[in-house]
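Numbering (this note's numbering), first residue to last: 21 to 119. Report on one structure; see the data block that follows.
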């Protein structure tokens with residue numbers, strides 16, 4: 021992958037090409053929560069196509085809080101149990117919703 025010398029804000033790491041082609045074979049990334057729950061994010065949740073020929077790491081800095089953005093959560097149902105203070109993730113096929 022060829023890095024972009026001046027990534028568009030707010031991104032810090034961008035590459036030339038497309039997520040589909042250049043990030044093929046990029047390993048899935050796991051985000052593990054207290055209690056052992058894990059959110060597994062594939063290349064389409066880790067990278068964002070920002071221009072036809074540029075894609076960027078879809079993880080950006082935040083101040084004092086951790087934010088898991090919509091790219092990482094796509095294709096998941098997210099459950100919140102406010103009493104037990106737990107979160108759960110259910111992988112789903114979003115194409116089934118289009119029918």
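Just so it is clear, CB atoms sit at the ideal spot from N, CA and C, and this is done for glycine as well. Quick caveat, the model's predicted, so the values are computed rather than measured.
- Query: Okay, do the region 97-112 and the region 61-69 touch, 3+ Cβ pairs below 8 Å being the bar?
  - Reply: Contact between the region 97-112 and the region 61-69 is absent, because fewer than three Cβ pairs lie under 8 Å.
- Task: Can you tell me which of 74, 115, 110, 50 puts its alpha carbon nearest to the alpha carbon of residue 10?
- Result: Nothing about residue 10 can be reported from this structure: the residues present for the chain run from 21 to 119 only.
- Message: Among the candidates 26, 63, 29, 89, whose CA atom is the shortest distance from the CA of residue 44?
- Response: 63
- Query: Where residue 110 and residue 52 are concerned, what is the direct C-alpha to C-alpha distance, given to the nearest angstrom?
  - Reply: 14 Å
- Taking 9 Å as the cut-off, decide whether the C-beta atoms of residue 31 and residue 80 are in contact. yes
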